[in-house]
Amino acid sequence: MISSHLPILLVVVPLIAAPVMVILRSGAAAWVLAIAVSWAALAISGALFVQVAGGGHVSYFLGSWPAPWGIEYRVDVVNAYLALLVGVVAAVVSVYSPRSVLAEIEPGRRYLFYTMYALCLSGLLGIAVTGDAFNLFVFLEISSLSSYVLIALGRDRRALMAAYQYLILGTIGATFYVIGVGMLYLATGTLNLADMAARLAGVSEPRAVLAALAFITVGVSLKLALFPLHLWLPNAYAYAPSAVTAFLAATATKVSVYVLLRYYYSVFGGSTVFHALPMGEILLVFSLAAMFIASTIAIFQENVKRMFAYSSVAQIGYITLGVALASMTGLTAGLVHVFNHALTKGALFLLLGGIALRAGAMRFGSIGGIGRVMPLTCFGIVLGGLSLIGVPATVGFVSKWYLVQAALERGSPWIAFAVVASSLLALVYVWRFIEVAYFREPDARVSALREAPASMLVPAWALIAACIYFGIDTDLTLGGAAAAAWELIRGPQ
Amino acid sequence: MTFASHYGYWVTIFLAIAGLYIVVARGNLVKKLVGLSIFQTSVYLLYIAPGKLIGGTAPIVADGFQVYSNPLPHVLILTAIVVGIATLALGLALVVRIKEAYGSIEEDEILAAERGD
Amino acid sequence: MKDYLVLRVVAKILIAFMLLFALYVQFHGDFGPGGGFQAGVISAAAVIFYAIIYGLPAARAVVPDWLVETMLAAGVLLYALVGVAGILLGGNYLDYFVLGADPVAGQHRGIFWVELGVLITVAGVMLKIFYVFAGRGSEEEPPS
Numbered sequence: 001m002i003s004s005h006l007p008i009l010l011v012v013v014p015l016i017a018a019p020v021m022v023i024l025r026s027g028a029a030a031w032v033l034a035i036a037v038s039w040a041a042l043a044i045s046g047a048l049f050v051q052v053a054g055g056g057h058v059s060y061f062l063g064s065w066p067a068p069w070g071i072e073y074r075v076d077v078v079n080a081y082l083a084l085l086v087g088v089v090a091a092v093v094s095v096y097s098p099r100s101v102l103a104e105i106e107p108g109r110r111y112l113f114y115t116m117y118a119l120c121l122s123g124l125l126g127i128a129v130t131g132d133a134f135n136l137f138v139f140l141e142i143s144s145l146s147s148y149v150l151i152a153l154g155r156d157r158r159a160l161m162a163a164y165q166y167l168i169l170g171t172i173g174a175t176f177y178v179i180g181v182g183m184l185y186l187a188t189g190t191l192n193l194a195d196m197a198a199r200l201a202g203v204s205e206p207r208a209v210l211a212a213l214a215f216i217t218v219g220v221s222l223k224l225a226l227f228p229l230h231l232w233l234p235n236a237y238a239y240a241p242s243a244v245t246a247f248l249a250a251t252a253t254k255v256s257v258y259v260l261l262r263y264y265y266s267v268f269g270g271s272t273v274f275h276a277l278p279m280g281e282i283l284l285v286f287s288l289a290a291m292f293i294a295s296t297i298a299i300f301q302e303n304v305k306r307m308f309a310y311s312s313v314a315q316i317g318y319i320t321l322g323v324a325l326a327s328m329t330g331l332t333a334g335l336v337h338v339f340n341h342a343l344t345k346g347a348l349f350l351l352l353g354g355i356a357l358r359a360g361a362m363r364f365g366s367i368g369g370i371g372r373v374m375p376l377t378c379f380g381i382v383l384g385g386l387s388l389i390g391v392p393a394t395v396g397f398v399s400k401w402y403l404v405q406a407a408l409e410r411g412s413p414w415i416a417f418a419v420v421a422s423s424l425l426a427l428v429y430v431w432r433f434i435e436v437a438y439f440r441e442p443d444a445r446v447s448a449l450r451e452a453p454a455s456m457l458v459p460a461w462a463l464i465a466a467c468i469y470f471g472i473d474t475d476l477t478l479g480g481a482a483a484a485a486w487e488l489i490r491g492p493q
Numbered sequence: 494m495t496f497a498s499h500y501g502y503w504v505t506i507f508l509a510i511a512g513l514y515i516v517v518a519r520g521n522l523v524k525k526l527v528g529l530s531i532f533q534t535s536v537y538l539l540y541i542a543p544g545k546l547i548g549g550t551a552p553i554v555a556d557g558f559q560v561y562s563n564p565l566p567h568v569l570i571l572t573a574i575v576v577g578i579a580t581l582a583l584g585l586a587l588v589v590r591i592k593e594a595y596g597s598i599e600e601d602e603i604l605a606a607e608r609g610d
Numbered sequence: 611m612k613d614y615l616v617l618r619v620v621a622k623i624l625i626a627f628m629l630l631f632a633l634y635v636q637f638h639g640d641f642g643p644g645g646g647f648q649a650g651v652i653s654a655a656a657v658i659f660y661a662i663i664y665g666l667p668a669a670r671a672v673v674p675d676w677l678v679e680t681m682l683a684a685g686v687l688l689y690a691l692v693g694v695a696g697i698l699l700g701g702n703y704l705d706y707f708v709l710g711a712d713p714v715a716g717q718h719r720g721i722f723w724v725e726l727g728v729l730i731t732v733a734g735v736m737l738k739i740f741y742v743f744a745g746r747g748s749e750e751e752p753p754s
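Chains as they are written, first to last, in this note's numbering: chain G, 1 to 493; chain S, 494 to 610; chain C, 611 to 754.
Dropping the structure here:
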């Protein structure tokens with residue numbers, strides 16, 4: 001009986017946990033609930049993925065109102081792939097978080113941290129499974145508002161300004177999305193995504209539809225930090241608590257990529273998006289700009305977390321490059337990089353959290369020689385950095401290989417050259433970390449540091465091990481991405 | 494299709510542009526939030542104005558009426574208003590904390606205080 | 611402000627009517643403008659009115675902080691549990707059709723409980739926002 005309610009349970013279990021945490025008002029009870037809820041989310045999303053992996057979809061009607069009148073949760077392999085990603089990241093981060101929360105959040109606020117975490121998880125999973133346009137907006141705002149709060153809980157006072165900036169830009173993005181949905185509703189008369197796709201074919205005035213496409217693109221691009229709409233991301237990731245940075249870096253932008261793909265392929269259809277509007281060319285320009293400019297800015301950062309945050313902007317450029325190439329291979333490359341980058345950046349920020357816990361500072365000047373006192377942490381960061389560069393036997397290589405293939409298929413070898421060139425830029429900023437961590441003499445303060453605690457190292461290294469494992473055995477990630485890309489390109493059924 | 498018959502959309506556009514301009518052009522953090530609220534209000538108008546059908550009555554089933562105004566936009570906008578209120582409350586709470594941390598709510602003064610990183 | 615007799619007397623009369631009006635708006639949401647959110651704001655406004663006239667500590671004695679936070683969470687929990695009740699009674703999540711003897715009665719019952727949940731949460735949220743904002747900074751009253 002439970003198996004038929006899986007789509008809604010995915011969202012409701014964290015959503016019920018949040019007010020329970022507020023009522024219990026205990027930090028210890030809250031983190032036990034958070035871990036339980038995250039692992040439950042992983043289990044449910046895994047079960048859903050198994051249900052739809054062979055094709056087809058699972059439909060769930062809220063309130064037993066049939067579509068298109070009611071809100072329908074429609075899970076096919078694309079949604080299940082994203083939900084599985086969010087579940088994996090949540091499970092790992094929830095095990096990691098108690099130790100870092102103890103260090104970074106004051107005692108009276110810890111249960112509120114976990115409440116916001118549960119709400120954010122519920123919102124992200126809701127975006128992944130819903131099939132209704134306005135329901136998507138509601139979950140988008142649930143996850144965004146809780147992430148603003150999570151970021152503002154950082155120790156540094158700059159976290160407040162970072163959260164405020166993210167609030168302004170994120171709300172503008174969500175409002176643009178609502179304007180786009182409003183125009184689609186005016187044109188088609190329905191909010192159900194599948195029904196909208198069917199009705200869009202008969203719309204007599206295409207200009208409104210194209211305007212809606214533009215509004216939704218801009219709104220979602222603000223959420224996924226596509227260059228030049230990325231201005232909120234570096235500060236938000238740099239000054240948030242460590243667990244929050246890892247969680248958001250691995251999930252929030254990836255789910256926004258899913259929203260974009262869902263609208264492009266399942267609602268508007270590839271031909272409208274890429275031929276009626278030059279969306280492919282526009283995304284191509286911005287992706288290349290992100291890859292080069294963000295990587296270059298990353299090289300000159302003083303704050304380690306900020307450097308890796310700019311690296312995130314560049315890696316998002318790779319994902320949107322895959323989307324811009326608009327072929328089966330390109331879309332597969334983009335989707336597999338969604339998963340791979342989530343694993344890599346999640347692992348990196350978890351390990352950096354270990355450094356933040358022990359060293360207290362995240363500036364390059366203060367952590368010289370830290371590779372000798374925290375060997376496991378720094379070696380993990382080096383491996384993650386290799387994945388960012390795209391060294392063979394890491395997940396980063398798999399994504400870049402497919403990106404290069406897609407570029408060559410399109411007959412644009414210069415794009416393939418750009419992918420390789422920007423990877424060299426990644427090499428520069430990863431080398432910066434290696435040089436500071438291993439080739440400088442540790443001062444007295446650094447020499448007194450110990451390795452990060454096991455409860456933080458184990459989850460982080462689990463993700464690093466996954467980076468290496470899925471770089472060698474790509475069946476799950478690449479198979480899932482290919483199935484998702486095929487489901488998307490097939491178009492609305 | 495005269496200007497007068499579409500004035501609802503013109504008002505929407507004006508409010509949207511005004512709100513976005515305030516967010517971009519004003520450095521005071523509270524004023525930015527005000528601009529954001531104005532921008533969100535324009536979206537409410539975009540949804541509700543087309544919901545009223547000419548000759549439509551309130552959406553409650555009654556004898557003798559065939560044309561009803563669309564109730565769905567109202568429901569959507571109630572949700573959007575609540576989201577807007579939550580965003581505004583959160584933004585203002587952040588502004589209060591920023592004022593306590595920096596002593597000012599002018600964006601240029603705050604950025605000057607943080608120059609160096 | 612509690613030193614001004616006129617304000618005090620009028621406030622005492624008005625607050626009762628405001629709470630009553632909030633209940634009216636709550637239950638007439640089915641038939642006219644109203645419902646949980648509006649009623650929650652009006653009832654919170656009544657308590658805030660009390661706080662403005664008699665001072666924040668007096669309001670905190672009537673509606674303490676722990677009650678406000680519990681109201682916040684309890685309303686959301688009530689709404690979510692009504693949905694789960696729909697699942698347990700054989701339908702989908704938030705299925706009101708199965709909650710009563712016939713579908714229409716079930717819809718009435720479902721809407722009633724979820725609107726109650728919304729009322730409790732919104733009143734709690736508005737009060738919490740007021741307490742948090744008004745409680746910061748100095749709040750001594752000027753000597754009369």
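The beta-carbon is built from N, C-alpha and C at its ideal position, and this holds for glycine as well.
Just so it is clear, the structure is predicted and the values come from calculations on it, not from any experiment.
Residue i: contacting residues in chain S (beta-carbon distance under 7 Å)
{"i": "residue 141 of chain G", "result": "576"}
{"i": "residue 739 of chain C", "result": "582"}
Contacts that residue i makes with chain G (C-beta to C-beta distance below 7 Å)
{"i": "residue 573 of chain S", "result": "178"}
{"i": "residue 705 of chain C", "result": "63, 64"}
{"i": "residue 701 of chain C", "result": "64"}
Cβ-Cβ separation, residue j to residue i (assumed contact under 8 Å), whole Å
{"i": "residue 516 of chain S", "j": "residue 525 of chain S", "result": "5 Å"}
{"i": "residue 711 of chain C", "j": "residue 653 of chain C", "result": "Contact doesn't hold; Cβ gap of about 31 Å is too wide."}
{"i": "residue 295 of chain G", "j": "residue 237 of chain G", "result": "With 8 Å as the limit, residue 295 of chain G and residue 237 of chain G do not qualify as a contact, their Cβ atoms being about 16 Å apart."}
{"i": "residue 61 of chain G", "j": "residue 70 of chain G", "result": "5 Å"}
{"i": "residue 398 of chain G", "j": "residue 304 of chain G", "result": "Between residue 304 of chain G and residue 398 of chain G the Cβ distance is about 26 Å, and since that is not below 8 Å, they are no contact."}
{"i": "residue 7 of chain G", "j": "residue 129 of chain G", "result": "5 Å"}
{"i": "residue 608 of chain S", "j": "residue 160 of chain G", "result": "At roughly 17 Å, the Cβ-Cβ gap does not stay under 8 Å, so residue 608 of chain S and residue 160 of chain G are not in contact."}
Start and end residues, beta strand (DSSP E) containing residue i
{"i": "residue 72 of chain G", "result": "72 to 75"}
{"i": "residue 60 of chain G", "result": "58 to 61"}
Bounding residues of the alpha helix (DSSP H) (the contiguous stretch that carries residue i)
{"i": "residue 337 of chain G", "result": "328 to 359"}
{"i": "residue 198 of chain G", "result": "193 to 200"}
{"i": "residue 235 of chain G", "result": "233 to 239"}
{"i": "residue 725 of chain C", "result": "713 to 744"}
Closer than 8 Å at the beta carbon, the chain G residues around residue i
{"i": "residue 590 of chain S", "result": "152, 160"}
{"i": "residue 524 of chain S", "result": "Those do not exist, as residue 524 of chain S stays about 11 Å from chain G at its closest Cβ, beyond 8 Å."}
{"i": "residue 594 of chain S", "result": "157, 160"}
{"i": "residue 603 of chain S", "result": "161"}
{"i": "residue 516 of chain S", "result": "168, 172"}
Interface residues of chain G facing residue i [CB-CB closer than 9 Å]
{"i": "residue 679 of chain C", "result": "22, 23, 25"}
{"i": "residue 585 of chain S", "result": "Under the 9 Å cutoff, chain G gives no residues; its nearest Cβ is about 10 Å from residue 585 of chain S."}
{"i": "residue 508 of chain S", "result": "Correct list: empty, because the minimum Cβ distance to chain G is about 12 Å."}
Residue i and residue j closer than 7 Å at C-beta
{"i": "residue 31 of chain G", "j": "residue 114 of chain G", "result": "yes"}
{"i": "residue 463 of chain G", "j": "residue 284 of chain G", "result": "no"}
{"i": "residue 83 of chain G", "j": "residue 52 of chain G", "result": "no"}
{"i": "residue 268 of chain G", "j": "residue 213 of chain G", "result": "yes"}
{"i": "residue 317 of chain G", "j": "residue 291 of chain G", "result": "yes"}
{"i": "residue 404 of chain G", "j": "residue 418 of chain G", "result": "no"}
{"i": "residue 100 of chain G", "j": "residue 353 of chain G", "result": "yes"}
{"i": "residue 132 of chain G", "j": "residue 191 of chain G", "result": "yes"}
{"i": "residue 302 of chain G", "j": "residue 364 of chain G", "result": "yes"}
Chain C residues whose Cβ lies nearer than 9 Å to that of residue i
{"i": "residue 44 of chain G", "result": "By Cβ distance, chain C contributes nothing, its closest Cβ being about 14 Å from residue 44 of chain G, past 9 Å."}
Closer than 8 Å at the beta carbon, the chain S residues around residue i
{"i": "residue 149 of chain G", "result": "583"}
{"i": "residue 742 of chain C", "result": "586"}
Contact set between residue i and chain C, taken where Cβ atoms lie within less than 8 Å
{"i": "residue 16 of chain G", "result": "687, 690, 691, 694"}
Closer than 9 Å, Cβ to any Cβ of chain G: which residues of the segment 621 to 641 of chain C, in chain order?
none
Residues, ordered as in the chain, of the segment 49 to 72 of chain G that lie near chain C by beta-carbon distance below 8 Å:
60, 61, 62, 63, 64
Residues of the segment 538 to 554 of chain S with a CB closer than 8 Å to any CB of chain G: list them in chain order, please.
539, 540, 543
If you measure beta-carbon to beta-carbon, which residues of the segment 1 to 12 of chain G are closer than 8 Å to chain C?
5, 8, 12
Closer than 7 Å, Cβ to Cβ, to anything on chain S: give me those residues from the segment 716 to 741 of chain C, in chain order.
739
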